[in-house]
Every structure is written in structure tokens, then in C-alpha cells.
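Written below as C-alpha cells is the structure these notes are about.
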Amino acid sequence: SPVMDLYNAEIVAYEVASRPCLGLVTNMLGKAFKRLGNKPKLILHSDQGWHYQHSQYRHKLAEQGVKQSMSRKGNCLDNAAMESFFGTLKSEFFYPQRFKSVEELKAGLDEYIHYYNHDRIKLKLNGMSPVKYRAHAAGAAS
């Protein structure tokens, strides 16, 4: 369960579990809030999975002042940025490999997301990685 910053398509937090459970998304939220800090006017978009509708998840968002947004039922286009990321993740990381264990998969995923954020260039970010794009924009703004 990842969180993407749509400003630069950076994966700011993610959590992996063997099945969809409430801990998957609450742990992911904790990581995201720790990384993002207290920023005003955040909106967190997701699909309509049961764990995103759970009162505990919604309460954690409200505590941080985060507005919740959800895709319309059966409409993947509402979450196109994440769907695109998942397609890229599958084609570049998951399909070309065979994993001997869940631990190996998780370690590889850590490496891939670091690569995706720091090294993988995106044409719509002027040929920069998400992290480099944000740093460049911050430097230009100061």
C-alpha cells in the first residue's frame, strides 16, 4: 500500500503485507505522516477498499487534518497515477524476476522504490527523478 505525492510522483511511504488488512494501511499512514510532517491541506486519495473506509483509518486522517478522497466504484481512472505506478512496478521489477521468499521480494521492493524515487527519470519531470525534481524546484523557488 503506497502513498504517492502527485507533485513529483515520489513514493513517500509504503507498506507490504501478505494480505489486505487494517495494519497494512495504518502502518503506511504512520510512515507517510512521519515523512511528510504537518503540512496543511493534504488530500489522500485511494480506491474504495474496505480498509480505506474503516473508522480507524478515517480517524487517523482526521487527526492529521488530511482530507480523504476516494475513487468512484469500479473506476480505475480516478486513481490513474497509482495505477500507472503499479504497471511500471510490475513490468520493471516484479515480472522480470523470481523471488525465493517474501523477504527477498520486500528487500527488492525497497531497492526498487529507492531507484524509482532517486534515479529513474521521468520525461514529465524534465528528465529528472522525482527527488531531483523536487530539489530543483525548491532551489529555483529560493
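Residue 28 in the UniProt record's numbering sits at position 28 of the sequence shown, and the numbers go up by one each step.
Glycine included, each C-beta is placed from N, C-alpha and C at the ideal position.
Cβ-Cβ distance between residue 80 and residue 4 below 7 Å: Residue numbering aside, residue 80 sits at position 80 when the sequence shown is read from its first letter. Residue numbering aside, residue 4 sits at position 4 when the sequence shown is read from its first letter. No.
For residue 133 and residue 125, believed in contact at Cβ under 8 Å, the rounded distance: Along the sequence shown, one-based indexing puts residue 125 at 125. Along the sequence shown, one-based indexing puts residue 133 at 133. That belief holds up - the Cβ atoms of residue 125 and residue 133 are roughly 4 Å apart, short of 8 Å.
By alpha-carbon positions, which one of 22, 52, 63 and 112 ends up nearest to residue 38? One-based indexing of the sequence shown puts residue 38 at position 38. Among 22, 52, 63 and 112, the Cα nearest to that of residue 38 belongs to 63.
On the DSSP bridge assignment, give the partners of residue 133 in chain order. Start at 1 with the first residue of the sequence shown, and residue 133 comes out as number 133. DSSP lists no partner for residue 133.
Who are the Cβ neighbours of residue 17 in its own chain at under 6 Å, not counting the five residues just before and after it? As a first step, residue 17 is located in the sequence shown; it is residue number 17 there, counting from the start. Within the same chain, residue 17 has close Cβ partners 24.
Excluding sequence positions up to five away, which residues of its chain have a Cβ less than 6 Å from the Cβ of residue 27? The residue given as residue 27 occupies position 27 in the sequence shown. Excluding positions up to five away in sequence, the list reads 15.
If you run the structure through DSSP and keep just helix, strand and coil, what is residue 69? For this step, residue 69 is matched to residue 69 along the sequence shown. Looking at residue 69 - three-state DSSP - the assignment turns out to be strand.
Since I believe residue 128 is in contact with residue 136 (beta carbons under 8 Å), could you give me their beta-carbon distance rounded to a whole number of angstroms? Stepping through the sequence shown from its first residue, residue 136 is reached at position 136. Stepping through the sequence shown from its first residue, residue 128 is reached at position 128. That pair is a contact at about 6 Å.
Return the residue from the list 50, 76, 34 and 46 that minimises the CA-CA distance to residue 19. In the sequence shown, residue 19 corresponds to position 19, counting from 1. Ranking 50, 76, 34 and 46 by Cα distance to residue 19 puts 50 first.
DSSP state of residue 16, grouped into three classes? On the sequence shown, position 16 is the one that residue 16 refers to. Coil at residue 16, not helix or strand.
Residue 90 - DSSP class collapsed to helix/strand/coil: Taking the sequence shown and counting its residues from 1, the one referred to as residue 90 is at position 90. If DSSP states are grouped into helix, strand and coil, residue 90 belongs with the helices.
Between which two residues does the alpha helix (DSSP H) containing residue 51 stretch? Position 51 of the sequence shown, counted from the start, is the residue given in the question as residue 51. It spans 50–53 - the alpha helix (DSSP H) in which residue 51 sits, taken as one unbroken run.
Quick check: residue 53 and residue 61, are their CB atoms within less than 7 Å of each other? One-based indexing of the sequence shown puts residue 53 at position 53. One-based indexing of the sequence shown puts residue 61 at position 61. In this structure, residue 61 does not lie closer than 7 Å to residue 53 by Cβ.
Around the Cβ of residue 141, are there at least 16 other Cβ atoms within 10 angstroms (buried) or fewer (exposed)? In the sequence shown, the residue the question calls residue 141 occupies position 141. With fewer than 16 other Cβ atoms within 10 Å, it is exposed.
Report the partner residues of residue 46 according to the DSSP bridge assignment. If you number the sequence shown from 1, residue 46 lands on position 46. The partner list for residue 46 (beta bridge, DSSP) reads 70.
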